[in-house]
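Numbering (the numbering used here), first residue to last: 360 to 761. Data first, discussion second: the structure below is written as structure tokens.
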């Protein structure tokens, strides 16, 4: 079943990337796709867009990730927006989000992204000494130039920082550096990967390390003013959940069914941590999205989140994690019902923060609503002005760049 907040996570360049970060979980996806480079054709793009907009959701959310999606080039993304205009109905809302390493972002990209109101996530792990340990052999200066281009153009963006062995124990330092750069929309995700023997890779934080890192970030965040001052995704998600609102964070959900992944060739998977042959549920060219979401593989995966280890039943934080991410369960014990690798981290974090969140939630309940990605102008009727800014009618322009 397609939920109202359903989204598509689209990998137009597959696993291809121009950085090849040491901790990238998606690099292994290249093993199942022969040859390369991997690029989504215009025909697949057209099909994805048409079938997504046909659902008639409150907001049709297209999330562009990789690999590195900007390898597709500006012309390809302009075609993506054109298809959204072509297949969108009058009054239909569309949101685009782009996660990028920033290496190809320049003034032209920034102008495009602000024109169509893309929300951009930039991968940045803190100061150069920490960022460059695992990210592409020294890319910090180029990423900061990309940030400058986004700021100058007025693009809305947030920062995604990966918690790893190099910055473990330096949460306050990373947070303060990011804040000193003026970044106020932040998210921190752990790099948990294992080798062929099930052992954590060298870059992975320890089972307790992510929790301690986030405790340091939390303390610095509270000292600065907390909610309403700086948006930290995990903290806002906890407040939302305690207020009875959607957390907006799939790790906290009881089911894993809020999005599907579409690879460059149209193959569909239930999660981007599980893009592998045994988890393929179909192809967008052969099936519609409701059919794919209802496929046996998709429904089994969605339900697996609700089958947690028995010891979780006694945990007072169960409603905030529902046993943890399936990826972290499988990495830790080999099955979806194993105890999650990061369980010790979340125990540390919630024991440190829960009482504060419980006291604070009533005070901030009125403003609890996770910031929504900015939305491009909704496609209007055929005689409406084209949102590209050309001044022409939609039927005459279709958003062509001038």
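Note that beta-carbon positions come from the ideal geometry of N, C-alpha and C, so glycine has one too.
| query | Do three or more CB pairs link the segment 501-513 to the segment 548-561 at distances below 8 Å? | reply | no
| request: For residue 482, write down the residues that DSSP places opposite it in a beta bridge. | output: 519
| query | What does a CB cutoff of less than 6 Å around residue 389 pick up in its chain, not counting 5 residues either side in sequence? | reply | 374
| query | What are the residues that DSSP puts in a beta bridge with residue 420? | reply | 366 and 454
| Local Cβ density within 10 Å of residue 427, reported as buried at 16 or more and exposed below that | Counting Cβ neighbours within 10 Å, residue 427 comes out buried, since at least 16 surround it.
| query | From residue 537 to residue 644, what distance separates their C-alpha atoms? | reply | Cα-Cα distance, rounded: 42 Å.
| field | C-beta contact flag for residue 473 and residue 432 at 8 Å | value | no
| message | Short of 6 Å in beta carbon distance, which residues of its chain neighbour residue 366, apart from the five on each side in sequence? Order them along the chain. | response | 420, 422 and 618
| Which residues in the same chain have their Cβ closer than 7 Å to the Cβ of residue 363, if we skip the five residues on either side of it in sequence? | 416 and 417
| Which parts of the segment 486-519 are runs of the alpha helix (DSSP H), unbroken and 4 residues or longer, counting only runs that do not cross its ends? | Correct list: 487-493 and 499-512.
| field | Separation of residue 640 from residue 626, as counted between CA atoms | value | 8 Å
| query | Rounded to whole angstroms, how far is the Cβ of residue 523 from the Cβ of residue 477, which I believe are closer than 8 Å? | reply | Not really, about 27 Å apart at Cβ, beyond 8 Å.
| query | Just reading off the beta strand (DSSP E) that residue 465 is part of, what are its end residues? | reply | Note, residue 465: premise wrong, no beta strand (DSSP E); not H, not E.
| message | Once DSSP output is grouped into helix, strand and coil, what is the label at residue 547? | response | strand
| field | In DSSP terms, what residue 430 is bridged to | value | Partner(s): none; residue 430 has no beta bridge.
| query | Excluding sequence positions up to five away, which residues of its chain have a Cβ less than 8 Å from the Cβ of residue 548? | reply | 519, 520, 521 and 522
| task | Under 6 Å Cβ to Cβ from residue 665, same chain only, skipping five residues before and after it: list those, please. | result | 613
| query | Which partner residues of residue 477 appear in the DSSP bridge assignment? | reply | DSSP lists no partner for residue 477.
| task | Would you check if there are 3 or more beta carbon pairs closer than 8 Å linking the segment 491-498 to the segment 448-466? | result | yes
| At least three beta-carbon pairs within less than 8 Å, the segment 447-454 to the segment 480-490 | no
| So residue 679 packs on residue 663, CB below 8 Å; how close in whole Å? | Not really, about 18 Å apart at Cβ, beyond 8 Å.
| query | Start and end of the alpha helix (DSSP H) containing residue 708? | reply | 702-723
| said: Out of 393, 542, 575 and 471, which one is the CA nearest neighbour of residue 483? | reply: 542
| query | Who pairs with residue 553 in a beta bridge, going by DSSP? | reply | Bridge partners of residue 553: 559.
| request: On a CA-only basis, which of 532, 567, 399 and 469 is nearest residue 341? Give me that one, please. | output: Here the chain comprises residues numbered 360 to 761, so residue 341 is not present and cannot be evaluated.
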